[in-house]
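If you read the protein sequences in the order shown, they are chains A and B. Heads up: the first sequence runs through residues 17 to 126, numbered per this note's numbering. Heads up: the second sequence runs through residues 175 to 290, numbered per this note's numbering. By construction, the Cβ of each residue, glycine as well, lies at the ideal position given by its N, Cα and C atoms. Let me begin by presenting the structure, written as structure tokens, before commenting on it.
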Amino acid sequence: DQQVKQNSPSLSVQEGRISILNCDYTNSMFDYFLWYKKYPAEGPTFLISISSIKDKNEDGRFTVFLNKSAKHLSLHIVPSQPGDSAVYFCAAAQGGKLIFGQGTELSVKP
Amino acid sequence: EAQVTQNPRYLITVTGKKLTVTCSQNMNHEYMSWYRQDPGLGLRQIYYSMNVEVTDKGDVPEGYKVSRKEKRNFPLILESPSPNQTSLYFCASSFLSSEGLGNEQFFGPGTRLTVL
């Protein structure tokens, strides 16, 4: 059973618009949620995280929203840029365990 | 330069031939972890270590071993590799906060393993 799910394998957005990437989870005991970005042939790079006791965290163009009652988190990228085109993974942490979603491939078109 | 290094980057081997993938970090991180990435499945955690001599199973530990004798190194051992262990492997490290794994994990460049 997949504890962390990203139901959209891909997303295409116009440059300058908002990109919204979604993630659902099943385990209410997760204490941190994180987003990573991955380019082909490279390791993932950290974007932003949020504690389970918060509902929003912002860092520049990236904002993560956490809705604990719905067990849902989302990453907003505003404005989207062509360099944001990559695979985005959400992840949930409980103690030392980190569980990733399947990833969403974002394509930002000029 | 702060980094996580993995060796080898590419490896083709045969079923049953023991192999080790090394991982080293120079950031004095307490936490280290191994993941495998497979199409459609995202990244799955194999083993992790919260500190020297402390290791724990992730989601997919079967067929793998790890050790953490020194803070900087966390090798992944496949005692008897099988074709279903063909995958892209990533090592990662981070500091640990009192709340857990909210800090940035730094990933290595990956090791592409093929088991024939």
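- N83 of chain A is bridged by DSSP to A:H88.
- Look at Q97 of chain A: its C-beta is not under 9 Å from any C-beta on chain B.
- When DSSP states are grouped into helix, strand and coil, Q97 of chain A belongs to the coil group.
- Note that the C-beta distance between K192 of chain B and I251 of chain B is below 9 Å.
- Secondary structure note for D40 of chain A: its beta strand (DSSP E) is the uninterrupted segment 35–41.
- Under the DSSP assignment, S207 of chain B falls in the beta strand (DSSP E) whose first and last residues are 205–212.
- If you draw a straight line from the Cα of S44 of chain A to the Cα of N277 of chain B, it is about 20 Å long.
- Annotation for I186 of chain B: the continuous beta strand (DSSP E) segment containing it runs 184–187.
- In the three-state scheme derived from DSSP, where H, G and I count as helix and E and B as strand, N200 of chain B is classed as coil.
- A distance below 8 Å between beta-carbons, with the five flanking residues on each side excluded, links Y48 of chain A to the following residues of its chain, in chain order: S65, I66, S67, S68, A108, A109.
- Bounds of the beta strand (DSSP E) holding R286 of chain B are 285–289.
- E58 of chain A belongs to the set of residues whose beta carbon lies under 9 Å from a beta carbon in chain B.
- Spatial neighbours of C39 of chain A in its own chain (CB-CB distance under 6 Å, excluding positions within 5 residues in sequence) are listed in chain order as Q22, L89, C106, G117.
- Proximity of chain A to E278 of chain B at the Cβ level (cut-off 8 Å) is accounted for by F62, S65, in chain order.
- For L185 of chain B, no chain A residue has a C-beta closer than 8 Å to its own C-beta; the minimum C-beta separation is roughly 16 Å.
- Under the three-state reduction of DSSP, Q219 of chain B is assigned to strand.
- At a cut-off of 9 Å between beta-carbon atoms, S207 of chain B makes contact with chain A.
- When 9 Å is used as the limit between beta carbons, P283 of chain B is near these residues of chain A: A57, E58, G59, in chain order.
- Taking the beta carbon of G119 of chain A as reference, the chain B residues within 7 Å of it are G216, listed in sequence order.
- At a cut-off of 9 Å between beta carbons, S267 of chain B makes no contact with chain A.
- Residue range 261–268 is occupied by the beta strand (DSSP E) that includes S261 of chain B.
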